[in-house]
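Here the structure is laid out as structure tokens; the discussion comes afterwards.
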Amino acid sequence: MTAELQVLHLSDTHLLGDGSLHVGVTDTAAALNRVLRRADALRHIDAVVMSGDLTDDGSAESYRLLRSIVEPWAQDRGAQVVYVMGNHDGRDGFEAVIGQRTGVSTVRGVRFLRLDSSVPGYGYGSIDAAQLAWLRGELATPAEQGSVVVLHHPPVGATTPLLQALELENRDELMDVLAGTDVRLILAGHFHHSLTTTVRGIPLIVAPGITNTTDVLATPGHERAVVGSGAVVVTLPLTDGTTHDPRTSSYPIGEVPPPIARFFTAPSAHDGDQAYDFDPAAVEARAAKAGKPGKPGAPQ
21 MTAELQVLHL SDTHLLGDGS LHVGVTDTAA ALNRVLRRAD ALRHIDAVVM
71 SGDLTDDGSA ESYRLLRSIV EPWAQDRGAQ VVYVMGNHDG RDGFEAVIGQ
121 RTGVSTVRGV RFLRLDSSVP GYGYGSIDAA QLAWLRGELA TPAEQGSVVV
171 LHHPPVGATT PLLQALELEN RDELMDVLAG TDVRLILAGH FHHSLTTTVR
221 GIPLIVAPGI TNTTDVLATP GHERAVVGSG AVVVTLPLTD GTTHDPRTSS
271 YPIGEVPPPI ARFFTAPSAH DGDQAYDFDP AAVEARAAKA GKPGKPGAPQ
């Protein structure tokens, strides 16, 4: 055993159990398999974290396909799989095939807190009051090696216009709950592009999409994506067994190194081809349909 936890963080697989292509372009099952083949080079993996939009249609068939691809790969390496819901997922299908939408998974003393930021029928995110209360209760007791929060919608603002309409609407409330706890890292997806930052001092890692890659340099007002798949390997140093509790200063701040993110791609012959390009009118229409009711351009 090494003195670190190694996580393969995957997101936005958008699987379709009937074999359909995502937006008529991407074979998402093939893309996921290609990413896992690239990840074969890793020495060891303790956990595979999948941060939402696991399927594109929320069907039980699609979740069964997901499990048939991911779980044998993880089992061969003794890795635990951690799943959370995204805005394209369906609660009924998820619960029937995967299990509970929220909860705790513990891997080598690290507590993974699984949140459901999806809002049925919409694309924006929210952590409801019941989840926030549950999360507050869980975090009242520090974990042996600290905690990692996993959710789909990142608790930061988006760069591109459609994603700006589909942000996590109560991210300040979430971060209020996380402040002063043993949370060492937040893992998220949704943006379909790589991102690392800190939010109120807590590292945030957003995994790139497996289905496609958001073009953050698209023409202003446009939402564009290109063919391309990637993932991130996250290394979380482990302590010597001393519980990390900032409220009691079990060890000095900074004694345990921060997590390290190593992003990688799984190239295909079509990388860089356009997956879609929504002009401003199309962006507005999609934002009106999927954004939070009451926001500009959204349904009232």
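First residue of the sequence shown: 21, per my numbering; consecutive thereafter.
Using N, Cα and C, we set each Cβ at its ideal position, and we do this for glycine too.
Since this is a predicted model, take the numbers as computed values, not measurements.
Rounded distance between the beta-carbons of residue j and residue i, thought under 8 Å
i: H29; j: H42; result: Not quite, the Cβ-Cβ distance comes to about 20 Å (not below 8 Å), so this is no contact.
i: G37; j: S79; result: 6 Å
i: V236; j: A295; result: Contact flag wrong, Cβ pair sits at about 14 Å.
i: V27; j: V69; result: 6 Å
i: L256; j: V130; result: 6 Å
i: L152; j: V197; result: 6 Å
i: A67; j: A99; result: 6 Å
i: L188; j: G145; result: 4 Å
i: S214; j: I230; result: 12 Å between Cβ atoms; not a contact.
i: S82; j: A227; result: The Cβ separation is near 19 Å, so there is no contact.
i: P140; j: R121; result: Not really, about 11 Å apart at Cβ, beyond 8 Å.
i: G311; j: G166; result: Actually they are not in contact, since the Cβ atoms of G311 and G166 sit about 34 Å apart, beyond 8 Å.
i: H212; j: N232; result: 6 Å
i: V252; j: P279; result: Between P279 and V252 the Cβ distance is about 10 Å, and since that is not below 8 Å, they are no contact.
i: D96; j: S138; result: About 30 Å separates the two Cβ atoms, so there is no contact after all.
i: L224; j: T216; result: 7 Å
i: P181; j: V303; result: 5 Å
Residue i (DSSP reduced to helix, strand or coil)
i: E164; result: coil
i: R306; result: helix
i: A178; result: coil
i: V117; result: helix
i: G157; result: helix
i: L186; result: coil
i: L25; result: strand
i: A301; result: helix
i: G274; result: Low per-residue confidence applies at G274: pLDDT is 48, beneath 50, and the placement is therefore not dependable, though the value from the model is reported in the following sentence. DSSP places G274 in coil when its eight states are reduced to three.
i: P313; result: coil
Residue range of the unbroken beta strand (DSSP E) whose run includes residue i
i: D147; result: Residue 147 is actually Ile in this sequence, not Asp. Where I147 is concerned, there is no enclosing beta strand (DSSP E), given that its DSSP letter is neither H nor E.
i: A295; result: Q294 to F298
i: L133; result: V130 to R134
i: V127; result: G123 to V127
i: A281; result: I280 to T285
Please list the segments of the beta strand (DSSP E) lying wholly inside the region 188 to 261, counting only runs of 3 or more residues, in order along the chain. 203 to 208, 215 to 219, 222 to 226, 243 to 246 and 250 to 257
The region 282 to 296 / the region 217 to 224 touching (three or more Cβ pairs under 8 Å): no
Can you give, in chain order, each stretch of the beta strand (DSSP E) that sits fully within the region 29 to 112 and has at least 3 residues? 67 to 71 and 100 to 104
Is the number of C-beta pairs between the region 98 to 107 and the region 224 to 242 that are closer than 8 Å three or more? no
Give a yes or no on contact between the region 44 to 60 and the region 131 to 143, applying the rule of three or more CB pairs nearer than 8 Å. no
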